[in-house]
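Counting from 573, one number per residue, gives the positions in the sequence shown under this note's numbering.
Note that the Cβ used here is the ideal one computed from N, Cα and C, for glycine as well.
A quick note: this is a predicted structure, and the numbers were derived from the prediction, not measured.
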Amino acid sequence: MIEQTEKSSGPKPFLEPRARHHAMDIPGWLRVAREYHEGGTFGIVKELVKVARGPGKLKPYEYFFMCLYEGKRLTPKQRLEFMGDRARVVLHKEMIETAWLAATYDKLLFLSAMKGQELPVPNVLGVFHASRRYARAEQLSDEEALCAWLRSTAIYPFFSKPVESTGSAGTASIDGYDHAADALFSADGREVPVKQFAREVTRYHERGYIFQERIATHPELEPVCGPGVSACRMLVCMEDGKPHLHRATWKIPAGANMADNFWRDGNMMGAIDPDSGEVTRVVRGMAVDTEILEEHPDTRQPLVGRVIPEWEAMKETCLAAASTFPALWLQGWDVAVSDRGPMIFEVEGDGGGAQVTQHAQGRGLLEPDFVAFLERWKAAAAERQARLSGGKR
């Protein structure tokens, strides 16, 4: 169905059906990167084999994405501390209790878990699904009901997203409805006919599609990076039921982007000191196009050295939410810095992709303290599995 909407004969999709990924040009990257590596071309090729076989199980794409060829910045030992997606797969196979992930993948289940604890989440205005409901939100059972709601009782502005998706695929930030044109106009300046928008939403009929109030950014941050709300990716380690904030990254929007995801052109990431909330490093781009920035390119406001507003409250909110899932030892939370204080957006129950955090920080995750944590997690998972299977009582 997605493929049909992308054919050139039909209208251009308004909702991006999948997260876009930066193009991979490994030969081109190698031609540039060899000038920065102490061993040149041959040194990089040898190292690609080494990091693929190492604890981080890096793919060539990940090696270049995170600029691991930079000899003046990283030692060979430090490069082995970076973690790739294949290592994440190992976590799924050996350590993660996957049954617990259901409540993190499904955004309605997740929102229900947060709301039940009176934790701050955006209000849900409507749910598109044949039968699913959420509190007092409008239940929009089919395309006709959705069109009628958008034309009459919908509250604008709103932010909408699929119940199951990653990387902001399928999301929209809608400013309002134009009665004369029977169209919606979005925060990025585009317009879409109501019928087209509703038709594209029906792609998500199986799990559903959510309409939420649109959250406003914190007043301290609007002069820095515009009106779009930004979130912090907060990597939490959970052990013995106690959450600990391990790393934090500010997802910084730029230009007309309606979401702060790094794959959107121009967006940046800022490394945050978990204790103080101070931004210590900001990156834009990837691989040989990576830039280290000190200020926001749109506003010329300083980024490095800035302290995230209400940082202590951000941490407190995140750790309270993380306690909801004691069986998930590694959690990646997106908590927005809003005009109403911390606002929980979502969580990745396996910590999420490690590349973004590591690229922003300029440091690999597999430092000794984190490796020791993973070893304790692996031992606990094995003990639990043995107990459940009857091998240990």
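In the DSSP assignment, the alpha helix (DSSP H) including residue i goes from what residue to what residue?
i	result
residue 949	940–960
residue 918	That residue, residue 918, is in no alpha helix (DSSP H); its beta strand (DSSP E) goes 913–920.
residue 612	612–625
residue 741	Looking at the DSSP string, residue 741 is not in any alpha helix (DSSP H), and its letter there is neither H nor E.
residue 773	766–773
residue 669	Residue 669 -> no alpha helix (DSSP H), and no H or E assigned at all.
residue 676	674–677
residue 796	794–797
residue 633	632–637
Have a look at the DSSP bridge pairing and note the partners of residue i.
i	result
residue 879	850
residue 750	755
residue 900	Partner(s): none; residue 900 has no beta bridge.
residue 712	700
residue 781	700 and 734
residue 910	789 and 913
residue 841	823 and 855
residue 686	DSSP lists no partner for residue 686.
residue 803	823 and 908
residue 810	815
residue 653	Bridge partners of residue 653: none, in fact.
residue 865	854
residue 561	The structure shown does not extend to residue 561, since the chain is modelled only from 573 to 965, so the question has no answer here.
residue 888	According to DSSP, which records beta bridges pairwise, residue 888 is partnered with nothing at all.
residue 588	None, per the DSSP bridge assignment.
residue 763	757
What does the Cβ neighbour count give for residue i, buried or exposed, with the cut at 16 atoms within 10 Å?
i	result
residue 664	exposed
residue 647	exposed
residue 951	exposed
residue 636	buried
residue 868	buried
residue 580	With a pLDDT of only 48 at residue 580, under 50, the local geometry of the prediction cannot be trusted, and the value read off the model is given with reservation. The residue in question, residue 580, is exposed, as its Cβ has fewer than 16 Cβ neighbours within 10 Å.
residue 740	buried
residue 634	buried
residue 562	It is not possible to answer for residue 562, since the shown part of the chain is limited to 573 through 965.
residue 910	buried
residue 965	Caution applies to residue 965, whose pLDDT of 45 falls short of 50 and renders its modelled position unreliable; the value that the coordinates give is listed next. Exposed.
residue 712	buried
residue 824	buried
residue 725	exposed
residue 827	exposed
residue 676	buried
residue 575	Low per-residue confidence applies at residue 575: pLDDT is 39, beneath 50, and the placement is therefore not dependable, though the value from the model is reported in the following sentence. So residue 575 counts as exposed.
residue 960	exposed
residue 927	buried
residue 761	exposed
residue 889	buried
residue 856	buried
residue 758	buried
Can you name the start and end residues of the beta strand (DSSP E) that residue i belongs to?
i	result
residue 926	Premise fails: residue 926 lies in the alpha helix (DSSP H), 926–933, not in any beta strand (DSSP E).
residue 824	814–824
residue 598	Looking at the DSSP string, residue 598 is not in any beta strand (DSSP E); the run it does join, the alpha helix (DSSP H), is 598–605.
Relative to the alpha-carbon of residue i, which residue among the options has its alpha-carbon at the smallest distance?
i	options	result
residue 948	666, 721, 612 and 625	666
residue 720	867, 765, 687 and 677	765
residue 816	698, 714, 894 and 601	894
residue 694	918, 596, 701 and 654	918
residue 727	749, 743, 706 and 958	749
residue 671	921, 937, 938 and 944	921
residue 772	962, 960, 959 and 586	586
residue 649	958, 937 and 954	937
residue 673	874, 897 and 954	897
residue 852	866, 912 and 839	866
residue 738	923, 769, 871 and 729	923
residue 630	661, 849 and 760	661
residue 904	797, 818 and 855	818
residue 640	608, 668, 669 and 657	608
residue 678	885, 706 and 697	706
residue 538	718, 925, 827 and 604	In the structure as shown, the chain starts at 573 and stops at 965, and residue 538 therefore has no counterpart that could be examined.
residue 744	794, 838 and 733	733
residue 946	959, 668 and 777	668
residue 778	796, 746, 768 and 700	700
residue 901	840, 841 and 813	813
residue 892	645, 686 and 877	686
residue 930	730, 638, 613 and 603	638
residue 957	878, 927 and 899	899
residue 600	613, 589 and 588	613
residue 709	659, 680 and 760	680
residue 805	886, 643 and 611	886
Can you tell me the Cβ-Cβ gap for residue i and residue j, rounded? I've got them flagged as a contact below 8 Å.
i	j	result
residue 908	residue 843	Not quite, the Cβ-Cβ distance comes to about 18 Å (not below 8 Å), so this is no contact.
residue 626	residue 652	5 Å
residue 915	residue 787	5 Å
residue 803	residue 906	4 Å
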